[in-house]
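Colleague: Quick one: this structure, given as structure tokens, is what I'll be asking you about.
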Amino acid sequence: MLRKPSEVLNSLGSLHDAETFHHILREHVFPFLDKLPTEQTASLVEALEDAEDDLAGASLINFDERSTSISKGIKELKRHVKSDWKEGYEEQAEMMTEIVEEMAGWIPDLWTAGVEQGTEHLLVHKSLKFCKSSLGALANTHSRSNFSDLDSPDIVVEDANGKVVYKNEHGSTEHAVLWVWRDLLLSAIVRVQGTSLAEKLVADLESLDLASEMLDRLEEEITDPPRATKFPKYGSEEYKKVDWAAEEERNLLMNAHLSPEMRAAIPKVKALFVAGGVAKFEIEPTEDVYSSIVYANPNLRDRLLSVAKAHFLTPKDRWTSISSGFGVFQRAGADLELLQLLDLANTPERRFLTDDKTQQAAISYLSGRSPDIRSKTRLHLERGLSQVAALTIQEIKRVFPTLPDAWRYLKDQLDKGKITPAVPDEPSPKRPKPNAPSYGYRSSGILPRDPDPTRDPILKIFISKAGWTPAEERDDSEEEEEEDDYRDFDEQRYNDNTYESPAEKQDIPLAFITVLQEWVGVLNRWPDIPEREAIKESVRATFEDGKYFFDVDGVADKLARRCDYGASEPCRQRLGRAIRELYCAFAKESGEKERMKKDMPSGLSFVVV
Numbered sequence: 000m001l002r003k004p005s006e007v008l009n010s011l012g013s014l015h016d017a018e019t020f021h022h023i024l025r026e027h028v029f030p031f032l033d034k035l036p037t038e039q040t041a042s043l044v045e046a047l048e049d050a051e052d053d054l055a056g057a058s059l060i061n062f063d064e065r066s067t068s069i070s071k072g073i074k075e076l077k078r079h080v081k082s083d084w085k086e087g088y089e090e091q092a093e094m095m096t097e098i099v100e101e102m103a104g105w106i107p108d109l110w111t112a113g114v115e116q117g118t119e120h121l122l123v124h125k126s127l128k129f130c131k132s133s134l135g136a137l138a139n140t141h142s143r144s145n146f147s148d149l150d151s152p153d154i155v156v157e158d159a160n161g162k163v164v165y166k167n168e169h170g171s172t173e174h175a176v177l178w179v180w181r182d183l184l185l186s187a188i189v190r191v192q193g194t195s196l197a198e199k200l201v202a203d204l205e206s207l208d209l210a211s212e213m214l215d216r217l218e219e220e221i222t223d224p225p226r227a228t229k230f231p232k233y234g235s236e237e238y239k240k241v242d243w244a245a246e247e248e249r250n251l252l253m254n255a256h257l258s259p260e261m262r263a264a265i266p267k268v269k270a271l272f273v274a275g276g277v278a279k280f281e282i283e284p285t286e287d288v289y290s291s292i293v294y295a296n297p298n299l300r301d302r303l304l305s306v307a308k309a310h311f312l313t314p315k316d317r318w319t320s321i322s323s324g325f326g327v328f329q330r331a332g333a334d335l336e337l338l339q340l341l342d343l344a345n346t347p348e349r350r351f352l353t354d355d356k357t358q359q360a361a362i363s364y365l366s367g368r369s370p371d372i373r374s375k376t377r378l379h380l381e382r383g384l385s386q387v388a389a390l391t392i393q394e395i396k397r398v399f400p401t402l403p404d405a406w407r408y409l410k411d412q413l414d415k416g417k418i419t420p421a422v423p424d425e426p427s428p429k430r431p432k433p434n435a436p437s438y439g440y441r442s443s444g445i446l447p448r449d450p451d452p453t454r455d456p457i458l459k460i461f462i463s464k465a466g467w468t469p470a471e472e473r474d475d476s477e478e479e480e481e482e483d484d485y486r487d488f489d490e491q492r493y494n495d496n497t498y499e500s501p502a503e504k505q506d507i508p509l510a511f512i513t514v515l516q517e518w519v520g521v522l523n524r525w526p527d528i529p530e531r532e533a534i535k536e537s538v539r540a541t542f543e544d545g546k547y548f549f550d551v552d553g554v555a556d557k558l559a560r561r562c563d564y565g566a567s568e569p570c571r572q573r574l575g576r577a578i579r580e581l582y583c584a585f586a587k588e589s590g591e592k593e594r595m596k597k598d599m600p601s602g603l604s605f606v607v608v
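All letters in the sequence shown, in the order written, are residues 0 to 608 by numbering that gives the first Met the number 0.
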């Protein structure tokens with residue numbers, strides 16, 4: 000049987016190296032091709048020119064050379080960071096800038112090849128994935144130079160006619176990468192028969208958690224072309240007239256250049272992402288996926304909400320995370336479901352599986368809903384406040400071990416009328432100016448109160464009877480610990496930024512104070528003031544001796560000042576701050592409360608070792 004020319008050429012190509020194969024073509028095939036009849040020659044030349052056009056895209060992309068160059072730059076940057084982390088940040092900033100500029104010069108070529116020419120879709124997709132991962136690597140070199148401060152290249156993309164289709168003067172490189180990706184998806188629908196290629200690209204983008212980013216950019220509304228002129232001078236009349244919402248929308252989409260065919264392809268690409276998003280949501284519901292799907296197709300809200308109810312309100316086991324359900328139900332405006340989730344989160348077996356911030360956000364949201372919903376939410380706020388207050392109270396009892404004896408003494412003095420709950424209002428003490436002479440000021444920077452011959456002796460005995468637990472001394476072996484080599488930059492940064500003494504680890508952490516402040520912030524945003532005061536009263540009742548701590552002026556102050564004494568014991572100073580926070584958060588309005596507020600340090604820096 001007569002063999003086909005293609006079979007012979009394939010066989011020769013597989014049997015010989017490229018140089019030998021090219022020699023065979025040059026000696027035996029090329030002369031024969033040049034002698035073909037005119038009509039056959041024209042057809043062959045046309046086919047070869049089409050092949051040449053197809054290969055032009057790969058040549059323009061030049062993936063191997065460009066990716067190798069960028070990868071080499073990142074490796075050199077990481078070596079420089081490791082060898083000179085402390086002093087070499089300026090050189091590292093220059094290296095980052097060079098890599099970003101190299102990537103910025105590549106992006107217009109990727110758009111030209113994949114979108115305008117409509118070729119090499121997979122190679123352009125591969126290149127964009129490489130750019131995305133490279134940006135992630137640049138952001139995580141641990142250099143002292145912040146990559147995000149340097150990632151704002153000037154990127155301008157023009158079509159074959161010289162018309163500007165994309166302009167990025169102050170945005171990130173990722174902004175341009177995502178823009179090209181959006182156009183590439185539309186090109187894959189328009190240029191390639193069927194949707195198999197687009198489905199492959201969409202699945203890949205979903206695996207990179209970029210579905211939401213893509214859906215944000217797949218808006219069917221067409222924006223104006225990129226701005227050709229600079230923005231008006233800040234503060235001028237022209238500046239005030241700028242529609243910043245429209246500018247933000249244009250900056251995100253930049254889709255004025257899309258052809259009618261590509262615009263018509265937008266719903267098809269959105270449908271692919273939505274289908275993938277629904278499948279993902281059914282496995283693992285999250286707020287981001289919910290928001291992106293409902294934004295693209297509002298009709299799917301009820302279906303997604305049903306999935307979320309089944310997943311979060313009837314979890315398969317006690318270890319199933321329900322944290323992301325708060326965001327889903329809040330985004331869906333599902334108030335009753337959100338209340339059910341708060342109930343579930345505080346069952347004994349799940350009490351520690353949902354962080355405070357998540358519950359605080361849900362309570363803040365529900366407090367602004369209907370009065371009925373707010374009344375059902377109040378119990379959750381009281382519970383959160385009581386729990387965080389109990390942590391501080393527990394620490395007070397640990398540090399003042401004989402506090403019950405002090406309470407009994409104080410009760411006896413009150414019963415005998417030797418001390419009254421309140422003192423006459425007086426001017427609040429002022430904090431000393433920085434670097435002022437001490438003149439008896441405490442090391443904490445808090446001014447002593449004016450003497451009170453009637454109350455001071457009793458309160459002095461009270462604090463003496465409360466006892467005191469000193470902070471644990473630091474082990475001498477730690478003082479004599481050999482210095483680290485510090486040539487390992489990771490270890491140096493860890494030791495510089497995260498060191499805690501044994502006393503700090505055992506005693507009240509800074510988190511006690513910040514968590515208390517966060518919960519009190521939710522309380523202060525509660526819209527109904529009488530209810531707010533009732534909540535405070537409820538929390539005061541959780542303190543066994545709250546009637547003394549909150550109602551007898553000077554008691555909380557004495558406990559806090561006892562903690563202020565030792566600047567060498569920052570963990571005790573933290574407890575002093577926590578005592579003041581506890582008192583100011585829940586005590587009734589009074590002159591003593593105002594005095595305690597004045598005594599409150601303006602920041603937390605004084606408690607850091």
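Virtual Cβ for every residue (Gly too), placed ideally from N, Cα, C.
Nothing here was measured: the structure is a model prediction, and the numbers come from that model.
From leucine 8 to asparagine 61, what does the alpha carbon distance come to, in whole angstroms?
Modeller: For the purposes of this step, residue 8 is taken as residue 9 along the sequence shown, with counting starting at 1. For the purposes of this step, residue 61 is taken as residue 62 along the sequence shown, with counting starting at 1. Taking the straight line joining both Cα atoms gives about 27 Å.
Colleague: Roughly how many whole angstroms lie between the Cα atoms of phenylalanine 29 and aspartate 16?
Modeller: Taking the first residue of the sequence shown as 1, we reach residue 29 at position 30. Taking the first residue of the sequence shown as 1, we reach residue 16 at position 17. So the alpha carbons of these two residues sit roughly 18 Å apart.
Colleague: Which ranges would you report for the beta strand (DSSP E) in the region 155-200 if only whole runs of at least 3 residues count?
Modeller: 163-167
Colleague: Could you tell me the boundaries of the alpha helix (DSSP H) in which glutamine 358 lies?
Modeller: Residue 358 sits at position 359 when you count from the first residue of the sequence shown. Here the alpha helix (DSSP H) through glutamine 358 covers 355-366.
Colleague: Cα separation between arginine 361 and proline 452?
Modeller: The residue given as residue 361 occupies position 362 in the sequence shown. The residue given as residue 452 occupies position 453 in the sequence shown. Per the sequence shown, the amino acid found at residue 361 is alanine instead of arginine. Going from the Cα of alanine 361 to the Cα of proline 452 covers about 50 Å.
Colleague: Below 8 Å between beta carbons: does that hold for leucine 522 and isoleucine 534?
Modeller: Indexing the sequence shown from 1 puts residue 522 at position 523. Indexing the sequence shown from 1 puts residue 534 at position 535. Their beta carbons are under 8 Å apart, which means leucine 522 touches isoleucine 534 by this criterion.
Colleague: For the pair the region 146-154 and the region 222-230, tell me if three or more CB-CB distances fall below 8 Å.
Modeller: no
Colleague: Is DSSP giving alanine 640 helix, strand or coil here?
Modeller: In this structure the chain extends from 0 to 608, so residue 640 is not present and cannot be described.
Colleague: Report yes if the C-beta distance between serine 151 and histidine 169 is below 8 Å; otherwise report no.
Modeller: Indexing the sequence shown from 1 puts residue 151 at position 152. Indexing the sequence shown from 1 puts residue 169 at position 170. Yes, the Cβ-Cβ distance between serine 151 and histidine 169 is below 8 Å.
Colleague: Here's the rule I'm using: 16 or more other beta-carbon atoms within 10 Å means buried, otherwise exposed. How should tyrosine 238 be labelled?
Modeller: As a first step, residue 238 is located in the sequence shown; it is residue number 239 there, counting from the start. Answer is exposed; the Cβ neighbour count stays below 16.
Colleague: So the candidates are Asp215, Ala227, Ala210, Pro314; which of them puts its Cα closest to the Cα of phenylalanine 272?
Modeller: Counting from 1 along the sequence shown, the entry for residue 272 is found at position 273. Residue Ala210 is the option with its Cα nearest to phenylalanine 272.
Colleague: Given glycine 383, which residues of its chain have a CB within under 6 Å of its CB, disregarding the five upstream and five downstream residues?
Modeller: Taking the sequence shown and counting its residues from 1, one reaches residue 383 at position 384. Correct list, in chain order: Trp518.
Colleague: Output the distance between the C-alpha atoms of isoleucine 372 and histidine 379, rounded to the nearest integer angstrom.
Modeller: Taking the sequence shown and counting its residues from 1, the one referred to as residue 372 is at position 373. Taking the sequence shown and counting its residues from 1, the one referred to as residue 379 is at position 380. Each residue's alpha carbon lies about 12 Å from the other.
Colleague: Is it true that the CB of alanine 389 sits closer than 8 Å to the CB of threonine 541?
Modeller: If you number the sequence shown from 1, residue 541 lands on position 542. If you number the sequence shown from 1, residue 389 lands on position 390. It is a contact, given that the beta carbons lie within the stated cut-off.
Colleague: On the three-state DSSP scale, how would you describe tryptophan 641?
Modeller: The structure shown does not extend to residue 641, since the chain is modelled only from 0 to 608, so the question has no answer here.
Colleague: Indicate whether the contact test is met: 3 or more Cβ pairs, each with one atom in the region 316-334 and one in the region 272-290, closer than 8 Å.
Modeller: The region 316-334, when compared against the region 272-290, does touch it at the 8 Å Cβ threshold.
Colleague: Take isoleucine 457 and list the residues in its own chain whose beta-carbon comes closer than 8 Å to its own, dropping the five residues that flank it on each side.
Modeller: On the sequence shown, residue 457 is found 458 positions in, with the first residue counted as 1. So the list reads Leu409, Gln412, Lys417, Ile418, once near-sequence residues are dropped.
Colleague: Tell me the DSSP secondary structure of methionine 595 in three-state form.
Modeller: The sequence position of residue 595 within the sequence shown is 596, counting from 1. It is helical.
Colleague: Indicate whether the contact test is met: 3 or more Cβ pairs, each with one atom in the region 104-116 and one in the region 173-192, closer than 8 Å.
Modeller: Verdict: yes, contact present.
Colleague: Compare the Cα-Cα distances from proline 600 to each of Thr37, Ala245, Asp563 and report the closest residue.
Modeller: The residue labelled residue 600 in the question sits at position 601 within the sequence shown. Nearest of Thr37, Ala245, Asp563 to proline 600, Cα basis: Asp563.
Colleague: Could you tell me which of Met102, Glu100, Ser66, His79 sits nearest to glutamine 91, measuring between CA atoms?
Modeller: In the sequence shown, counting from the first residue as 1, residue 91 sits at position 92. The shortest Cα separation from glutamine 91 among Met102, Glu100, Ser66, His79 belongs to His79.
Colleague: With a 10 Å radius around its C-beta and 16 neighbouring C-beta atoms as the bar for buried, classify asparagine 167 as buried or exposed.
Modeller: Here residue 167 refers to the residue found at position 168 when the sequence shown is read from its first residue. Classification for asparagine 167: buried.
Colleague: Look at the Cβ atom of tyrosine 88, then the Cβ atom of serine 142, and state whether they are nearer than 8 Å.
Modeller: Reading the sequence shown from its first residue, position 89 is the one you call residue 88. Reading the sequence shown from its first residue, position 143 is the one you call residue 142. Yes.
Colleague: Considering only their Cβ atoms, is the gap separating isoleucine 154 from alanine 136 smaller than 8 Å?
Modeller: One-based indexing of the sequence shown puts residue 136 at position 137. One-based indexing of the sequence shown puts residue 154 at position 155. No, the pair does not count as a contact, with Cβ atoms beyond the cut-off.
Colleague: If you check the beta carbons only, do valine 551 and proline 420 fall under 8 Å apart?
Modeller: Taking the first residue of the sequence shown as 1, we reach residue 551 at position 552. Taking the first residue of the sequence shown as 1, we reach residue 420 at position 421. Yes; because the gap between Cβ atoms is below 8 Å, this pair is in contact.
Colleague: For glutamate 543, which of helix, strand or coil comes out of DSSP?
Modeller: As a position in the sequence shown, residue 543 is number 544, starting the count at 1. Residue state, collapsed to three classes: coil.
Colleague: Using the rule of at least 16 other Cβ atoms within 10 Å of the residue's Cβ for burial, across every protein chain shown, is serine 230 buried or exposed?
Modeller: Locating residue 230 in the sequence shown gives position 231, counting from the first residue. Per the sequence shown, the amino acid found at residue 230 is phenylalanine instead of serine. With fewer than 16 other Cβ atoms from the protein chains shown falling within 10 Å of its own Cβ, phenylalanine 230 counts as exposed.
Colleague: For glycine 276 and lysine 315, what's the separation of their Cα atoms in angstroms?
Modeller: Your numbering for residue 276 matches position 277 in the sequence shown. Your numbering for residue 315 matches position 316 in the sequence shown. Glycine 276 and lysine 315: Cα-Cα distance of roughly 22 Å.
Colleague: With C-beta atoms as the reference, is proline 526 less than 8 Å away from glycine 332?
Modeller: Residue mapping note: residue 526 aligns to position 527 of the sequence shown, counting from 1. Residue mapping note: residue 332 aligns to position 333 of the sequence shown, counting from 1. No. Outside cutoff.
Colleague: Quick check on tryptophan 84: does DSSP put it in helix, strand or coil?
Modeller: Here residue 84 refers to the residue found at position 85 of the sequence shown. Residue state, collapsed to three classes: coil.
Colleague: Applying the criterion that 16 or more other CB atoms from any shown protein chain within 10 Å of the CB defines a buried residue, is isoleucine 528 buried or exposed?
Modeller: Counting from one through the sequence shown, the residue named residue 528 turns up at place 529. So isoleucine 528 counts as exposed.
Colleague: Are the Cβ atoms of leucine 184 and alanine 202 separated by less than 8 Å?
Modeller: In the sequence shown, the residue the question calls residue 184 occupies position 185. In the sequence shown, the residue the question calls residue 202 occupies position 203. Contact: no.
Colleague: How should proline 347 be labelled, buried or exposed, when 16 other C-beta atoms within 10 angstroms of its C-beta is the threshold for buried?
Modeller: Counting from one through the sequence shown, the residue named residue 347 turns up at place 348. With fewer than 16 other Cβ atoms within 10 Å, it is exposed.
Colleague: Which residue's Cα is closest to the Cα of leucine 217: Leu335, Ala227, Glu248?
Modeller: Taking the sequence shown and counting its residues from 1, the one referred to as residue 217 is at position 218. Out of Leu335, Ala227, Glu248, Glu248 has the C-alpha closest to the C-alpha of leucine 217.
Colleague: Could you spell out where the alpha helix (DSSP H) holding tyrosine 408 opens and where it closes?
Modeller: Stepping through the sequence shown from its first residue, residue 408 is reached at position 409. That run of the alpha helix (DSSP H) goes 402-414.
Colleague: Is the separation between the beta-carbon of alanine 295 and that of isoleucine 188 shorter than 8 Å?
Modeller: Here residue 295 corresponds to residue number 296 of the sequence shown, with the count starting at 1. Here residue 188 corresponds to residue number 189 of the sequence shown, with the count starting at 1. No, the pair does not count as a contact, with Cβ atoms beyond the cut-off.
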